[in-house]
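Colleague:
In my numbering, the protein residues as written are 5 to 189.
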């Protein structure tokens, strides 16, 4: 039999978990004005060649998840600031202070990363204009450390319609013809 204090503790933990959850970063409505994922049938997720292997793996999962949701192809590619121009509207993923690609984006856009700098397992995600030469706009997912980057990718996957339980418990993926990443997460 559960004691009353265990119920109180359970509700307190649930409230804490809900309080720290990330805001909604995804919309399925074009009126949101967000960054459209895979608008022309295919999109690229760019990671730096020197990125952590776990982040590269999570980027692959992220691309696969969004492909499953939208029915459009997303690919993952290694890129540097000079080769990123092969994609006009990519999703750029990386770890602050570790990824050369993210360093180039932060330097060229003067992106404020003070909210995650020096913190554990934090991330920001937002749309930026002209982040690199030849790139019109991009959606960047920047982690304070490798776990922060990985968490950011899986958080966006979940909000896009892919349950963390889809593989283990056969939870169906919510299909959407369009996915938009909105604002700043």
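In this text, a Cβ means the ideal position worked out from N, Cα and C, and glycines have one as well.
1) Give the range of the beta strand (DSSP E) segment to which residue 4 is assigned.
2) Quick one: Cα of residue 138 to Cα of residue 165, how far?
3) For residue 141, name the three-state secondary structure that DSSP assigns.
4) Using the Cα positions of residue 186 and residue 143, report the straight-line distance between them to the nearest angstrom.
5) Buried or exposed: where does residue 131 fall if 16 or more other Cβ atoms within 10 Å of its Cβ makes it buried?
6) Residues bridged to residue 48 by DSSP?
7) Quick check on the burial criterion: 16 or more other C-beta atoms within 10 angstroms. Buried or exposed for residue 188?
Modeller: Taking the definition as stated:
1) Absent from the structure is residue 4, since the part of the chain shown begins at 5 and ends at 189.
2) 31 Å
3) strand
4) 9 Å
5) buried
6) 79
7) exposed
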